[in-house]
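K.L.:
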């Protein structure tokens, strides 16, 4: 994979790390997304599903974790082989991908107010490689193994092909006292969990 795409993936990774919050609560539901930055179904899920949900009160009960590795592999010479190759930045980049404007990805720095300097430093001093390697190891140790991306887990339980119904799973897993309005609105759909999607799975399978 070209150096440009390596930087592209790394920038997404580091940008999220800079914005993630360490705050957690015993009542919160853990939502983990293992994804590949240029998989169109991952981009669609982040931009059109995840981002919009996090603008609602559902965000108050969720601990979100993004793991940008997905179906990528490591070559013997330690270079990344991409099969297809802070959240606002990721959302910006993935939106550009959906709009077929990938070459404009650097505009996301100014759009989100994110400085390029710490990310470049992270890449140049080797920290970025170590972080990416850690995500690769974490993805490889998933049990059961991920079969495709986006691979979504709610409280460490994979949703498999039913990942687009993640809100219902979050609401069902929540044990807190204050039920978000988003869950009240989703009450009727919770009973539809595991109903097959007639359009087929919207996923990028492992190569």
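Numbering (mature numbering (1 follows the signal peptide of the UniProt record, and there is no 0)), first residue to last: -25 to -1, 1 to 182.
Even for Gly, the Cβ is constructed at its ideal location relative to N, Cα and C.
These numbers come from a predicted model, not from an experiment.
For residue 28 and residue 92, I'd like the C-alpha separation in whole angstroms.
P.N.:
As a working note, residue 28 is residue 53 in the chain shown. As a working note, residue 92 is residue 117 in the chain shown. Their backbone Cα atoms lie some 31 Å apart in a straight line.
K.L.:
From the DSSP output, in three-state form, read off residue 40 for me.
P.N.:
Within the chain shown, numbered from 1, the residue matching residue 40 stands at position 65. Strand.
K.L.:
Using 9 Å as the threshold, is the C-beta distance between residue 83 and residue 73 below it?
P.N.:
Within the chain shown, numbered from 1, the residue matching residue 83 stands at position 108. Within the chain shown, numbered from 1, the residue matching residue 73 stands at position 98. No, they are not a contact pair.
K.L.:
Mind the definition here: the region 93 to 104 touches the region 14 to 32 only if three or more C-beta pairs lie below 8 Å; say whether that holds.
P.N.:
no
K.L.:
Please classify residue 160: is it buried, with 16 or more other beta-carbons within 10 angstroms of its beta-carbon, or exposed?
P.N.:
Mapped onto the chain shown, residue 160 falls at position 185. Exposed.
K.L.:
List the endpoints of the continuous alpha helix (DSSP H) containing residue 228.
P.N.:
Nothing can be reported for residue 228: it is not among the residues displayed for the chain, which extend from -25 to 182.
K.L.:
In this structure, how does DSSP classify residue 56 when only helix, strand and coil are distinguished?
P.N.:
Here residue 56 is taken as the residue at index 81 of the chain shown, counted from 1. Confidence at residue 56 is low in this model, with a pLDDT of 40, below 50, so the placement of that residue should be treated as unreliable; the coordinate-derived value is given next. If DSSP states are grouped into helix, strand and coil, residue 56 belongs with the strands.
K.L.:
Can you round the beta-carbon distance between residue 42 and residue 110 to whole angstroms, since I take them to be within the 8 Å contact cut?
P.N.:
On the chain shown, position 67 is the one that residue 42 refers to. On the chain shown, position 135 is the one that residue 110 refers to. The pair is a contact, with the Cβ atoms about 5 Å apart (cut-off 8 Å).
K.L.:
Under the DSSP definition of a beta bridge, which residues are partnered with residue 129?
P.N.:
Within the chain shown, residue 129 is the residue found at index 154, counting from 1. Paired residue(s): 6 and 132.
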